[in-house]
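Here the sequence shown is numbered in my numbering, starting from 565 and rising by one per residue.
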Amino acid sequence: MSRSEDGAAGGVWLVVAAVVLSLPSLVIVGWIPTVGVATAEGPADGLGDVEIDDELEDAFAGTHGDDERVEVVVRLEELEGPTDREELEEHAAGSQEPVLELAEDCEAITVAAEFWLTNAVLLEVDPDAVGLEELTELEAVDGLHGNFEVPPPDPVGTLAADGGEAETDSGHVTTAGLAAIGAPTVWDEHGTAGEGVRVAVLDTGVDADHPDITLHTDDPGDPTYPGGWAEFDGTGEPVAGSTPRDTASHGTHVSGTVAGGAASGRHVGVAPEAELAHGLVLTEDGGTFAQILAGMEWAVETDSDVISASFGVEGTVGAFLDPVHNARAEGVTVVGAIGNAGAGNSSSPGNLHDVVSVGAVGDDDRVPEFSGGGELERTSFAGAPGDWPETYVVPDVVAPGVDVVSSVPGGEYGVKPGTSMATPHVSGTVALMLSIDDGLTPEEVEATLAETARSPVGASEGKDVRYGHGVVDAAAAVGATESARTSSADTDAQASRDDAADGDATDGAADGDVGPATDGSPLHGAVATAAALVVVTLWLAVRRR
């Protein structure tokens, strides 16, 4: 070999050494594909077209009086993947700055509210002075829609305190609904009535003086019930100094079914020992999207485990997607009514795939005509995530929702039909499950409710658009939860014993008897394989020279 060849060969081997030494860092930073390790995709090019709601465009195109303003919900880019509250708040604070700065510099725009559970700002805009296009040009803006209305719930009729009773084998006197789902069985056989679980009911308010209602609070002397009560106005701002009250009786009725007591001698609540919180987000005239969003945000902030939503907007409303998704990421199970418009119809947020959707059933196990349900397409929801199935069926389960007896303001009791009344039966059931295992994820809660639901005689096999998976069975759901928890504890204990045994077996192994230790990971294998290929290839190149 000539001197030049020797020099070339030496250079080649220097390159080999450099490449081999650099391989780990190349793999780490992603320059060389790893084996068996998923890689995250980079951000999409550009922001894409900003979605503008048709009704909002119509509102801006119409005629307006002096100083008349239109409420605009500015939706900004959301964080990708699982996130926690701190990350959501930080992201919202940073990305909303251009919107807030525009409002500060423009008298025709006023900031009404800022949100973090979904990255949004509610603006009041003078449409004669500012066009929608000025808002779409702001950095990170994804969409614009109005602060749409959420319709009011139906009123609740009063009922004598001695009506609608059922006596269980154990001697409990309960409403027919509680007996039908087996709530007393849970109290007796599993020793829990929902202790340690907080349920946030978002509704018309609650009569906290009702003998069957106890709101959660750390300070019973404070009439505003910190942690257990909040009221929000139409822009989603909290009402300072608000004290518990019900504006339409609906909220007291729903709250009683979740966690009411037995002051009348008859149990009305599925989980009477659960911590009850109530957010006033509706009145007898209805509410707004901002009120609902503020209520959900408050529920997450106050560490609620369950959100019970006995309200809805008919149709598929994508505006609820992100707040529900982010609440679930915080471990909150959202339970929602499917609506009272009958077969083939449903309401949001109850019809979202990420919500436990609830239909109604009567004492005869028949689904009443008013109870909603149907097959939905993912693409019907603007912005639906790709991990949803292309089509899915709602409701998930049904629960007692015909002539349901519960508390109403003034220390009285009322009877009411509706999926609104079925929903708190399921919310209370979830509270019972979580009191057995507070580590259950929303996905695990949903799966257990589906697997343990009772299929009535005559119902279709599998999940259908009337019954869903079947009638919710609190006794079976809690029983399955306890069995799974016990099995998991046994498995963990065995794993600990196995780990200890493995540790004893390897204590005597001599250090340094073999080459550099590896962790057996795909990353390590990729480095070794790539290094070998480079060395062989370059060695052959030298040989050919």
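Heads up, the beta-carbon is just placed ideally off N, CA and C, and yes, glycines get one too.
Provide the residue span of the beta strand (DSSP E) that contains Leu681, from first to last.
Where Leu681 is concerned, there is no enclosing beta strand (DSSP E), given that its DSSP letter is neither H nor E.
So Pro662 is in the alpha helix (DSSP H); what residue range does that whole segment cover?
Glu661 to Asp669
Between which two residues does the alpha helix (DSSP H) containing Val1009 stretch?
Pro1006 to Thr1016
Please classify His831 as buried or exposed, where buried requires at least 16 other C-beta atoms within 10 Å of its C-beta.
buried
Val1021 versus Ala667: straight-line alpha-carbon distance, rounded
60 Å
Entirely enclosed beta strand (DSSP E) segments - the region 881-937, minimum 3 residues:
897-901 and 920-925
For Asp752, the first and last residue of its enclosing alpha helix (DSSP H)
Ala747 to Glu753
Can we count Ala1048 as close to the ligand MN, meaning its CB is less than 6 Å from some heavy atom?
Because no ligand of any kind appears in the structure shown, any question about the ligand MN cannot be addressed here.
Leaving out five residues on either side along the sequence, give the residues of the same chain with a beta carbon under 7 Å from the beta carbon of Ala946.
Glu615 and Gly882
If we count the other Cβ atoms within 10 Å of its Cβ and call it buried at 16 or more, is Ala1039 buried or exposed?
buried
Closest to Asp622 by C-alpha separation, out of Asp613, Gly629 and Val634, would be which residue?
Val634
Taking buried to mean at least 16 other C-beta atoms within 10 Å of its own C-beta, is Asp951 buried or exposed?
exposed
What are the boundary residues of the alpha helix (DSSP H) that includes Leu699?
Leu696 to Thr700
State the Cα-Cα distance for the pair Arg519 and Gly735, rounded to the nearest angstrom.
The structure shown has nothing for residue 519, since the chain only spans 565 to 1109.
Would Val845 and Phe796 qualify as a contact pair, given that the criterion is a beta-carbon distance under 7 Å?
yes
To the nearest angstrom, how far is it from the Cα of Val968 to the Cα of Pro775?
18 Å
To the nearest angstrom, how far is it from the Cα of Leu916 to the Cα of Ala672?
36 Å
Inter-stretch contact (C-beta, 8 Å, three-pair minimum) for the region 1024-1034 and the region 957-967
yes
Within 10 angstroms of its Cβ, does Asp767 collect 16 or more other Cβ (buried), or is it exposed?
buried
Please state whether DSSP places Ser1019 in a helix, a strand or coil.
coil
What residues in its chain sit with their C-beta under 8 Å from that of Val822, if we drop five residues either side in the sequence?
Val763, Val765, Gly833, Val834, Ala835, Ala838, Leu840, Ser872, Pro988, Ser991, Gly992 and Ala995
Length of the line joining the Cα atoms of Pro691 and Val637:
14 Å
According to the neighbour-count rule (16 or more other Cβ atoms, all chains shown, within 10 Å of its Cβ), is Pro887 buried or exposed?
buried
Looking only at its chain, what residues have a beta carbon closer than 6 Å to the beta carbon of Thr955, apart from the 5 residues adjacent to it on each side?
Glu939 and Glu941
List the residues that DSSP assigns as beta-bridge partners of His831.
Thr738
Taking the continuous alpha helix (DSSP H) assigned at Ser984, which residues delimit it?
Thr983 to Ile1000
Distance CB(Gly936)-CB(Ser910) smaller than 7 Å:
yes
Nearest-angstrom Cα distance between Gly741 and Thr983?
13 Å
Under 8 Å, with one C-beta from each stretch per pair, do the region 853-868 and the region 798-813 reach the 3-pair mark?
yes
Under 8 Å Cβ to Cβ from Leu517, same chain only, skipping five residues before and after it: list those, please.
Missing from the structure shown is residue 517; the chain here goes from 565 to 1109 and no further.
How big is the Cα-Cα spacing for Thr866 and Thr700?
34 Å
Using a 10 Å radius around the Cβ and a threshold of 16 neighbouring Cβ atoms, would you call Ser868 buried or exposed?
buried
Using DSSP with H/G/I as helix, E/B as strand and the rest coil, what is His655?
helix
Could you tell me if His628 is buried or exposed, where buried requires 16 or more neighbouring beta carbons within 10 angstroms of its beta carbon?
exposed
Taking buried to mean at least 16 other C-beta atoms within 10 Å of its own C-beta, is Glu861 buried or exposed?
buried
What is the DSSP secondary structure of Phe875, counted as helix, strand or coil?
coil
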